[in-house]
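Data block below; observations after.
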Amino acid sequence: MTHARNDGPPNPHGEDRGLLEHGHDYDDDYFGVGDDDYSSGNASADLGKASGKVEADGQPRTPSRVRFDLTPEIVGVSNGEAFGGLADRERRSSDDAYFDVEEATSPGRAHRVPLLTNIEAPSVALANSMGDPSEQAEHEMNRPKSGLKSAFMNMANSIIGAGIIGQPYAVRQAGLVGGILLLVGLTVVVDWTICLIVINSKLSGTSHFQGTVEHCFGHSGLIAISVAQWVFAFGGMVAYGVIVGDTIPHVLVAVWPNLSNVPVIGLLANRQVAIAVFVMGIAYPLTLYRDISKLAKASTFALVGMVVIVLTILIQGILTPSSERGSFTPSLLLFNGGFFQAIGVISFAFVCHHNSLLIYGSLKTPTIDNFSRVTHYSTGISMVFCLVLALGGFLTFGDKTLGNVLNNFPADNTMVNIARLCFGLNMLTTLPLEAFVCREVMLTYFFPDEPFNMNRHLLFSTSLVASALVLSLVTCDLGAVFELVGATSAVAMAYILPPLCYMKLTTRSWRTYMAGAVVVFGMIVMVISVIQAVQKMINSEFPRVPYEDLGLRLLDLGTCTDTTQAKMDQRT
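When the count follows our numbering, it moves up by one through the sequence shown with no breaks and lands on 576 for the last residue.
Here it is as structure tokens:
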């Protein structure tokens, strides 16, 4: 910019040069947050001197020129300290490296500050923005945060949920070669779209998935993503409650045959009582937490339980007598006809997009690099778990593989019953993760600008758990409903909305073409899955299923009828 000049030596920083001398619309003294090299103190002093040089009568030497006030304005930040402060530097540990993300609006500028550092439930975020800076800093310091390991536990637990138990059946539907290719390929796609959610959130300047979709597609987009997230998460809560009732009572009766004759405690042999006691006694208290980082220890327990389940299937599969093993056809060993059904089962297991930003916001240093690392480890290890369990179950039972592979083993097998107990208990630690998503979606949609209210928090948490509990108690056939939910909300969140938002927020490049291919793939899967579900409902292919088979129906997603009927035929 042009400044008034006095006689004397030229300014070493170039204040004596014209505005367009070198063809640029900025001067050499520009610096901003995130640049590696900041201007020196001498430069700032020179700027102040230059801006104050006027003639004695108070008029500039050149009246036709404009003199700008170069005194910098110090803008505070939400955490109560300027970027680059001591506290900020102390938070930058060696394992929390920073990741440069290329933006369409500023392709040449790297971002070296924590990105999206205030992602949390909207009511909590608003509460944090109130009060003086010291209170904000103290609140931020006291808020529970998780390291990379804790975030990994939460994300891996969200992925390795109920869906892992249906992976052997997914391989049976797609064939051995087709199932392996699907499992690896979909893991890569899901990993990429999870990272896209955080990148899209940064590009759009929003702090949650709903805000990103609303930014891209308006209010209709907000409604669509809110419904998809809430329905998928709430459906998961109902499914987990059903699985608790289908596993824990049977294990208790197998271990203690006369349990039903024992006063009071014997009520746990009843399916409905077991669901109510375990959901309200274990899952509900975990749901009352405000910060998802508090669930890290429970998620660790769930992952240990999954290790027990995988080892049980591998060991007991080797010990299974030949009379109970299945047979193999060329199509089962290569590519089978149930390709799209297998996509539904695998997608149901790997979809954790609805709580990815909550996990991202729980990081001590929430950068895209750190979140990408957590995502890669979580999806990679989850894929290994699913692949080992899928191969162990399918290669043992072949064409007899059921949707819940644990049901292929005898009911009196002690080791399998321990695995069933671990599976049921794991659902109790995964249910709160889904409740967090439901509650956050409701707060974002209905109370976006409201401060945190404890009564509202308790009301939403209690009503969500209670309603999911009631549905799991009274419903005996959710096969068609869950097939439609999986074919719409899960596919939309995993394969359609994240890449679609990315295409909307960035300029055209090879990445946008790849995103477009994923969108087309997701739409094809959605259309075919919905058509198959509607055809089954029209043809009345969803028979009434007894309570003990309902957990299997929920796990199979798009193929529940076939496996349930096979299991019922075996019993008769």
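Just so you know, even glycine gets a beta-carbon here, dropped at the ideal spot from N, CA and C.
None of the values given here were measured: they were computed from a predicted structure.
Where residue i sits in the DSSP three-state scheme
i           : result
residue 58  : Below a pLDDT of 50, predicted positions are generally treated as unreliable, and residue 58, at 44, falls in that range; no measurement from the model is reported.
residue 367 : strand
residue 420 : helix
residue 292 : coil
residue 161 : helix
residue 451 : coil
residue 268 : coil
residue 415 : coil
residue 129 : Model confidence at residue 129 stands at a pLDDT of 43, short of 50, so the residue's coordinates are unreliable; what they give is reported in the following sentence. If DSSP states are grouped into helix, strand and coil, residue 129 belongs with the helices.
residue 502 : helix
residue 359 : helix
residue 151 : coil
residue 512 : coil
residue 305 : helix
residue 459 : helix
residue 525 : helix
residue 331 : coil
residue 407 : coil
residue 324 : coil
residue 430 : helix
Extent of the continuous alpha helix (DSSP H) to which residue i belongs
i           : result
residue 347 : 343-354
residue 236 : 213-259
residue 377 : 372-401
residue 202 : 180-208
residue 338 : Counting along the chain, residue 338 falls outside any alpha helix (DSSP H), and DSSP gives it neither H nor E.
residue 283 : That residue, residue 283, is in no alpha helix (DSSP H); it is neither H nor E in DSSP.
Backbone CA spacing between residue i and residue j [nearest angstrom]
i           : j           : result
residue 183 : residue 375 : 28 Å
residue 367 : residue 304 : 17 Å
residue 224 : residue 466 : 29 Å
residue 497 : residue 262 : 46 Å
residue 194 : residue 353 : 11 Å
residue 363 : residue 370 : 9 Å
residue 34  : residue 202 : Confidence in residue 34 is poor, its pLDDT being 37 and thus under 50, which makes the residue's placement unreliable; the coordinate value appears in the next sentence. Distance between the alpha carbons of residue 34 and residue 202: 30 Å.
residue 402 : residue 179 : 10 Å
residue 338 : residue 527 : 26 Å
residue 478 : residue 418 : 30 Å
residue 584 : residue 216 : It is not possible to answer for residue 584, since the shown part of the chain is limited to 5 through 576.
residue 30  : residue 365 : Note that residue 30 scores 40 on pLDDT, short of 50, meaning its location in the model is unreliable; the coordinates nonetheless yield the value given after this. When rounded, the distance between both Cα atoms is 36 Å.
residue 316 : residue 425 : 12 Å
residue 314 : residue 392 : 7 Å
residue 542 : residue 532 : 15 Å
residue 154 : residue 268 : 38 Å
residue 430 : residue 336 : 31 Å
residue 473 : residue 241 : 8 Å
residue 457 : residue 451 : 10 Å
residue 177 : residue 463 : 43 Å
residue 515 : residue 502 : 13 Å
residue 181 : residue 329 : 20 Å
residue 158 : residue 219 : 28 Å
residue 508 : residue 204 : 9 Å
residue 156 : residue 260 : 37 Å
residue 345 : residue 174 : 7 Å
residue 518 : residue 213 : 21 Å
residue 407 : residue 420 : 16 Å
residue 323 : residue 396 : 12 Å
Integer-rounded CB distance, given that residue j should sit under 8 Å from residue i
i           : j           : result
residue 312 : residue 229 : About 36 Å separates the two Cβ atoms, so there is no contact after all.
residue 302 : residue 318 : Between residue 318 and residue 302 the Cβ distance is about 25 Å, and since that is not below 8 Å, they are no contact.
residue 287 : residue 493 : The Cβ separation is near 22 Å, so there is no contact.
residue 168 : residue 383 : Not really, about 13 Å apart at Cβ, beyond 8 Å.
residue 321 : residue 400 : 4 Å
residue 190 : residue 350 : 5 Å
residue 398 : residue 405 : 5 Å
residue 152 : residue 347 : Actually they do not touch by this definition, with Cβ atoms about 30 Å apart.
residue 198 : residue 360 : 5 Å
For residue i, the nearest candidate out of the options (CA to CA)
i           : options            : result
residue 196 : 248, 244, 523      : 523
residue 279 : 469, 500, 512, 499 : 469
residue 499 : 168, 290, 355      : 355
residue 521 : 232, 459, 504      : 504
residue 250 : 231, 282, 238      : 282
residue 170 : 534, 535, 410      : 410
residue 192 : 153, 175, 381      : 381
residue 308 : 433, 437, 491      : 433
residue 460 : 292, 437, 284      : 292
residue 200 : 534, 252, 247, 372 : 372
Distance cut-off 6 Å: residue i Cβ against heavy atoms of the ligand NAD
i           : result
residue 381 : With respect to the ligand NAD, the structure offers nothing, as it holds no ligand at all.
Short CB-CB distance (under 7 Å) between residue i and chain D
i           : result
residue 362 : Included in the structure is just one protein chain, with no chain D present.
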